[in-house]
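Encoded as structure tokens, the structure appears first; notes follow it.
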């Protein structure tokens, strides 16, 4: 009727009911990131792009040995054209005054409309 349990010792051979419910340890992913595999792949792609951009932007050889590339020559020509066309883009004072007058008139119209719409409400 009565069962005699061992008082000393930790063995479970004499008592099969003891320590039957053991907790399982949780396993963590070894990646160190909770976001998952998709995030890791996107992160890897981003790093690859950064490396590509760095390789395109930087060259270990000095410019005087390589000389200017075709792109450098084209960009210098475009810059020269822009700087030469600077004088062509200037407005006369009459056109500036007309534009300023039109903008002032437009701002007055907008202010009046705002005042009237605020009074209606």
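Numbering (UniProt numbering), first residue to last: 1 to 121. The C-beta atom is built at its ideal place from N, Cα and C for all residues, glycine as well. Note that the structure is predicted; figures quoted are calculated from it, not measured.
- Rounded to the nearest whole angstrom, the C-alpha separation of residue 116 and residue 106 is 15 Å.
- Here residue 118 has no same chain residue with a Cβ atom under 6 Å from its own Cβ, once five neighbours each way along the sequence are excluded.
- Residue 95 and residue 108 have their C-alpha atoms some 20 Å from each other.
- For residue 48, the three-state secondary structure derived from DSSP is helix.
- Following the DSSP letters along the chain, one finds residue 76 inside the alpha helix (DSSP H) bounded by residues 70-84.
- Linking residue 75 to residue 92 through their CA atoms gives a straight-line distance of about 30 Å.
- Taken atom to atom, the span from the alpha-carbon of residue 65 to that of residue 97 is near 53 Å.
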